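K.L.:
To convert a position in the sequence shown, counted from 1, into the working numbering, add 41.
Structure incoming, see below.
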Amino acid sequence: MKKDTSYSLLYKIKRFKRDINQWSIATLAIVFIIAFPVITIFLKLFSGPGETWDHIVATLLPEYTKTSIALIIGCSVFTLIFGVSTAWIVSRYDFPGRKMLEWLLILPLAIPSYITAYAYVGVFDYGGTLELLMESVNITLPKIDIMNTYGLIFVLSFSLYPYVYVSARAVFLHQAGNLIEASKLLGAGELKTFFKVVFPLARPAIIGGLILVLMEVLNDYGAAKYYGVSTFTVGIFRSWFSLEEPDTAVYLSAILIVIIFGLIVLERFQRRKKKYHNASKSNRPLCRKNSKGVQKIGLICWVGIPVFIGFLIPVAQLLYWAVLTYTDVFSVAFFYTALQSLGIAILSAVITVIIALKLIYFTRWNKIKQINLVAKMSTLGYAIPGAVIAVGVMIPTLFIDKWLYRVLREAFSWEVGLLINGTIIGLIYAYAVRFLAVAYSPIEGSVSKVGEGISESSMMLGAGRWRTFFSIDIPLIKKGMWSAVLLVFVDIMKELPLTLILKPYGVTTLAVKAYEYASDEMIAEAALPSLCVILTGILPVIFLNRLITK
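Written as structure tokens, this is what we have:
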């Protein structure tokens, strides 16, 4: 029997009119504002490419593509090897120093990849730290050129492997010990058990961590630019600032967005219709095995390699430089830069958390499921590189500023400059778009744990929705809110490409200051601002480790 499609459509329209409320409209408004930069980029595609687009397609685009593929493959291999193996070793085996190494393995996340890149130039450069150390013991080593694609893969891999390590370890710690024991009883060895039982169960989490690594790889600008490696992000900067072709920058941004969302779709596709959980009610936690002799030494050495390369060597190099250049760098101007960084990061983090909080509760009070789905999609900004978001913010805000200038001049005879573009307002807006997902996740987790029962009881007793929100909900989710503020704050302190494009004239952050020193061949002077950025990044690492072990 043929369905009456007209009746079905009318029913859906009536139900939509019935369910829509002010919270639905407020949710859609926030979603539109957050998604506006990405929408702008795709709308801008219809205006056609810039004059240099044909030249870029013929000469530079193949290089951008080739380099990006090389970085994706190289970083995938190294981060999987070190991330998964170290996570399994600290989860499965017991050995001296294990507890300390568990959180030391996360610490490379505290160092932005561009800062690690600066440090390793000092290690391997002519007359660098490695050469001086070898000369002191009469050993001559061939010069190692790290400023190329292979060196960038090395730096990015040891900076970003903790994304895979954290994801894998969280799963391994809750792995069903009975399945592993059953595998061993059936005659499978330790290696076969890992690849046949453990790894398949942990694969979604591992792939999820790897996708985060690849997003960060494609987002990188500072390290790639300093090493002279041509990537899409470097190409966006080059098109916008060197060639003065914003339309070409938009086309490159669109290609990068397609690549990023392709990775996300691939991650979703690889686990569709597949079960990766153990439904048994007799689960026992994974028991650690005591290691002995040579095995114990081997495990400690292997787990220590990424800690040594990813954290200890870069920090030691930066401390060495900081001691040499401290008197030249530390000044009133530097102190003012540090205060600017802290002020911008704190203000942006608070505003981003408020937006996330409103979005979560507006969707909770909204009755239309489709709008709630769209609201969650607005948090995908974290998957988009900072340079792309900066381009998407700059184009519409410049148009809005020109429109405001005309309106205010005609209506009030006011001559005003830029109000959004090139100001703190535009920068904070871009940060909110980029890091909304970082704030959204911990708050949503806290809200889901609290549930709706307490809020509903409060409203049944006569309290209004907003009174319930401020007196009941906020106190119950404050831990999630503080976690969100901390995580967003640290990400903003480390953010480089977005800040470089959108920062107002005369405003400098610590990350930008370190980049400027390195670009001016004053790499030793970049150490002090870099160390300040690292110190702010260590706090969430400690928080993250505690979260995993709970």
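Glycine included, C-beta positions come from ideal geometry on N, C-alpha and C.
Since this is a predicted model, take the numbers as computed values, not measurements.
1. Can you give, in chain order, each stretch of the alpha helix (DSSP H) that sits fully within the region 80-144 and has at least 4 residues?
2. Could you check where the alpha helix (DSSP H) with residue 342 kicks off and where it finishes?
3. Do residue 159 and residue 267 come within 8 Å of each other at the CB atom, strictly closer than that value?
4. Taking residue 458 as part of the alpha helix (DSSP H), name the residues at either end of that continuous run.
5. Relative to the alpha-carbon of residue 69, which residue among 556, 358, 401 has its alpha-carbon at the smallest distance?
6. Quick one: give me the first and last residue of the alpha helix (DSSP H) that residue 534 is part of.
7. Where does residue 137 land, buried or exposed, given buried means 16+ other C-beta within 10 angstroms?
8. Along the chain, where does the alpha helix (DSSP H) that runs through residue 282 open and close?
9. Express the C-alpha separation of residue 142 and residue 131 in angstroms, rounding to a whole number.
10. Alpha carbon to alpha carbon, how far is residue 95 from residue 214?
11. Hey, would you say residue 206 sits closer than 8 Å to residue 147, going by beta carbons?
12. Taking DSSP's pairing of strands, which residues face residue 331 in a bridge?
13. Taking 8 Å as the threshold, find out whether the region 119-135 comes into contact with the region 332-344 through three or more Cβ pairs.
14. Under 8 Å by Cβ, that's how I've got residue 565 and residue 365 pegged, so tell me the actual separation to the nearest angstrom.
15. Between the Cα of residue 445 and the Cα atoms of 549, 456, 82, which residue gives the shortest distance?
16. Can you give me the Cβ contacts of residue 350 inside the same chain, cut-off strictly under 7 Å, excluding the 5 residues immediately before and after it?
17. Under 8 Å: do the region 256-267 and the region 519-528 share three or more Cβ pairs, one atom per stretch?
18. Just the Cα atoms here: how many angstroms apart are residue 426 and residue 369?
19. What separation, rounded to the nearest whole angstrom, lies between the Cα atoms of residue 570 and residue 551?
20. Between which two residues does the alpha helix (DSSP H) harbouring residue 363 extend?
21. Please return the same chain residues whose Cβ sits closer than 7 Å to the Cβ of residue 476, not counting the five positions on each side in sequence.
22. In three-state terms, what does DSSP make of residue 241?
23. Relative to the C-alpha of residue 447, which residue among 436, 465, 460 is closest?
24. Using only CA atoms, which one of 259, 371, 305 lies nearest to residue 645?
25. Could you pull out every residue in the same chain whose Cβ sits closer than 7 Å to the Cβ of residue 439, ignoring the five residues on either side in sequence?
P.N.:
Concretely, from the data shown:
1. Runs of the alpha helix (DSSP H) inside the region 80-144: 102-133.
2. Along the sequence shown, read from residue 1 onward, the residue named residue 342 stands at position 301. Run containing residue 342: 334-348, per the alpha helix (DSSP H) assignment.
3. Taking the first residue of the sequence shown as position 1, residue 267 is located at position 226. Taking the first residue of the sequence shown as position 1, residue 159 is located at position 118. Yes; because the gap between Cβ atoms is below 8 Å, this pair is in contact.
4. Sequence index remark: in the sequence shown, residue 458 carries index 417 (1-based). Run containing residue 458: none; DSSP gives neither H nor E here.
5. Locating residue 69 in the sequence shown gives position 28, counting from the first residue. Comparing Cα-Cα distances from residue 69 to each of 556, 358, 401, the minimum goes to 401.
6. Your numbering for residue 534 matches position 493 in the sequence shown. Start and end: 519-535.
7. Along the sequence shown, read from residue 1 onward, the residue named residue 137 stands at position 96. Looking at its Cβ environment, which holds fewer than 16 other Cβ atoms inside 10 Å, residue 137 is exposed.
8. Sequence index remark: in the sequence shown, residue 282 carries index 241 (1-based). In the DSSP assignment, residue 282 falls outside any alpha helix (DSSP H), carrying neither H nor E.
9. Taking the sequence shown and counting its residues from 1, the one referred to as residue 131 is at position 90. Taking the sequence shown and counting its residues from 1, the one referred to as residue 142 is at position 101. Straight-line measurement puts the Cα of residue 142 at about 8 Å from the Cα of residue 131.
10. Position 54 of the sequence shown, counting from 1, holds the residue named residue 95. Position 173 of the sequence shown, counting from 1, holds the residue named residue 214. About 52 Å.
11. As a first step, residue 206 must be located in the sequence shown, where it is residue number 165. As a first step, residue 147 must be located in the sequence shown, where it is residue number 106. By the CB criterion at 8 Å, residue 206 and residue 147 fall inside the cutoff.
12. Start at 1 with the first residue of the sequence shown, and residue 331 comes out as number 290. Its beta-bridge partners are 135.
13. Yes: the two stretches touch, three or more of their Cβ pairs being nearer than 8 Å.
14. Indexing the sequence shown from 1 puts residue 565 at position 524. Indexing the sequence shown from 1 puts residue 365 at position 324. Rounded, the Cβ-Cβ distance is 6 Å, consistent with contact.
15. To locate residue 445, count along the sequence shown from 1; it is residue 404. The alpha carbon of residue 445 has as its nearest neighbour, out of 549, 456, 82, the alpha carbon of 456.
16. Counting from one through the sequence shown, the residue named residue 350 turns up at place 309. Within the same chain, and ignoring the five residues on either side of residue 350 in sequence, the residues whose Cβ sits closer than 7 Å to its Cβ are 199.
17. Judged by Cβ distances under 8 Å, the region 256-267 makes no contact with the region 519-528, as fewer than three pairs qualify.
18. Within the sequence shown, numbered from 1, the residue matching residue 426 stands at position 385. Within the sequence shown, numbered from 1, the residue matching residue 369 stands at position 328. In a straight line, the C-alpha of residue 426 is about 34 Å away from that of residue 369.
19. Taking the first residue of the sequence shown as 1, we reach residue 570 at position 529. Taking the first residue of the sequence shown as 1, we reach residue 551 at position 510. When only Cα atoms are considered, residue 570 and residue 551 end up about 5 Å apart.
20. Taking the first residue of the sequence shown as position 1, residue 363 is located at position 322. Under the DSSP assignment, residue 363 falls in the alpha helix (DSSP H) whose first and last residues are 354-370.
21. Reading the sequence shown from its first residue, position 435 is the one you call residue 476. So the list reads 393, 423, 529, 532, 533, once near-sequence residues are dropped.
22. Here residue 241 corresponds to residue number 200 of the sequence shown, with the count starting at 1. In the three-state reduction of the DSSP assignment, residue 241 falls in the helix class, which pools H, G and I.
23. As a position in the sequence shown, residue 447 is number 406, starting the count at 1. Taking residue 447 as reference, the option from 436, 465, 460 with the minimal CA-CA separation is 460.
24. Not covered by the structure: residue 645. The range shown for the chain is 42 to 591.
25. Indexing the sequence shown from 1 puts residue 439 at position 398. If we look at residue 439 and ignore the five residues flanking it on each side, its Cβ neighbours are 462.
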